[in-house]
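**Q** Below is a structure I'd like to ask you about.
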Amino acid sequence: FYCHRENHEREPGTRNPSKKLTINETALDREKKLPSPTKQDRSRISDPNDHFVWEDLIDMSTSGRKFSRNEIYDAIQATVACIQTTSRLWVLKIEDTNGGLYFDMAPKLDLAKYEVNLIELGGEGVKLINLIDQAVTKGLILYRNINFLPYPLNSPVPNTKFFNLFLGFLAKPAIENNKEIMDPILWHVKNIICSGDERLNEYIWNWWAYLVQKPEKKPRSILVLKSTLQQCGKNIITDFIGDKVLGEHLHYATSDLEKILGRFNSPLQA
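Heads up: the sequence shown begins at 48 in the numbering used here, then just goes up one per residue.
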């Protein structure tokens, strides 16, 4: 638009030349005018086989490379979710040091210094936090609340309006049995844990199988392994089931029974 400049020395009846004022349009303003990003048909962030995590999104921002909007918005949807209730809660997909996946939560994202160079804007940078906010307002990563909905192996991820904190089990179905791994475990359970009792051995393995075959249902019973002898191998199988089959983020182990049955049992909280 144009603004007429004041000049008290101009001749009566004449008009001062106008000066054109321009408003600088930011890269974010231009990004918002581009077509709306596409929401993924199947959420990558809930896929236990998708190991693209929050740290990978940060690496994209710090690499100095140029990315398309589709690449960035796909990466955002794969790594971060926003739970909007009375306030915002951010959920981030993280990889642990053993290659396992888990979700971390934070009330705020500290990303003020991170930018992404967009190809559609000629390589100009846009703050990552602004693009994440765009993904929220467009409904790409917005959920009503969080839930924990475990599902069996080889089953599709439940599609709900709530964010599912379950990321699947660490162990995946094997094409064939590895005897070098399984034979010692099978022998130990049958001969040490069950003292050679075939019926008890079958019951125990059925009980453990129930945990992964019907994880959405509580077994309504517990296994108690008790021995008068110390270090006879009770923890060998429970550690194997917990650490190698379920995953370290899906089980809790303690030698202090008070933490389970006592008045203050906060360690049992998810």
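All C-beta atoms, glycine included, are put in the ideal place defined by N, C-alpha and C. Since the model is a prediction, treat every value here as computed from it, not as a measurement.
Taking residue 307 as part of the alpha helix (DSSP H), name the residues at either end of that continuous run.
**A** Unbroken alpha helix (DSSP H) run through residue 307: 305 to 308.
**Q** Can you tell me where the beta strand (DSSP E) holding residue 174 begins and where it ends?
**A** Its beta strand (DSSP E) spans residues 172 to 174.
**Q** So, using beta-carbon positions, are residue 259 and residue 216 closer together than 8 Å?
**A** Against a cut-off of 8 Å, the Cβ pair of residue 216 and residue 259 comes out as a contact.
**Q** Write down the C-beta distance between residue 194 and residue 210 rounded to the nearest angstrom, noting that I regard them as a contact closer than 8 Å.
**A** That pair is a contact at about 7 Å.
**Q** In terms of residue numbering, what span does the beta strand (DSSP E) encompassing residue 277 cover?
**A** Segment: none, residue 277 is in no beta strand (DSSP E) and carries neither H nor E.
**Q** Report yes if the CB atom of residue 296 is closer than 8 Å to the CB atom of residue 146, and no otherwise.
**A** Not in contact: residue 296 and residue 146 (Cβ atoms no closer than 8 Å).
**Q** Taking all protein chains shown into account, decide if residue 68 is buried (16 or more other Cβ within 10 angstroms of its Cβ) or exposed.
**A** Caution applies to residue 68, whose pLDDT of 49 falls short of 50 and renders its modelled position unreliable; the model cannot decide the point.
**Q** Starting from residue 245, trace the alpha helix (DSSP H) both ways and give me its first and last residue.
**A** Here the alpha helix (DSSP H) through residue 245 covers 245 to 260.
**Q** On the criterion of 16 or more Cβ atoms from any shown chain inside 10 Å, does residue 265 qualify as buried, or is it exposed?
**A** Exposed is the call here.
**Q** For residue 139, report the span of its alpha helix (DSSP H) as first-last.
**A** Taken as a continuous stretch (DSSP letters only), residue 139 belongs to no alpha helix (DSSP H), being part of the beta strand (DSSP E) at 135 to 142.
**Q** Relative to the alpha-carbon of residue 124, which residue among 184, 71 and 77 has its alpha-carbon at the smallest distance?
**A** Looking at the Cα atoms, 184 is the closest of the given residues.
**Q** Report the rounded CA-to-CA distance for residue 288 versus residue 163, giving the unit in angstroms.
**A** Cα to Cα, residue 288 sits roughly 42 Å from residue 163.
**Q** Specify the secondary structure class of residue 271 as computed by DSSP and reduced to three states.
**A** Residue state, collapsed to three classes: coil.
**Q** Please name the residue or residues paired with residue 162 in a DSSP beta bridge.
**A** BP columns for residue 162 point to 174.
**Q** Residue 148 lies in the beta strand (DSSP E); which residues open and close that run?
**A** First-last of the beta strand (DSSP E) with residue 148: 148 to 153.
**Q** If you draw a straight line from the alpha carbon of residue 249 to that of residue 239, how long is it in whole angstroms?
**A** When rounded, the distance between both Cα atoms is 14 Å.
**Q** To which residues of the same chain is residue 15 closer than 8 Å at the C-beta, ignoring the five residues directly before and after it?
**A** It is not possible to answer for residue 15, since the shown part of the chain is limited to 48 through 317.
**Q** Going by C-alpha distance, which of 178, 285, 242 and 230 is nearest residue 76?
**A** Comparing Cα positions, the closest option is 178.
**Q** Is it true that the region 229 to 237 meets the region 278 to 285, where meeting means three or more beta-carbon pairs spaced less than 8 Å apart?
**A** Yes, since at least three Cβ pairs between the region 229 to 237 and the region 278 to 285 fall closer than 8 Å, the two stretches touch.
**Q** Using 10 angstroms around the beta-carbon of residue 269, count the other beta-carbons present and answer buried if the total reaches 16, otherwise exposed.
**A** Flag for residue 269 reads exposed.
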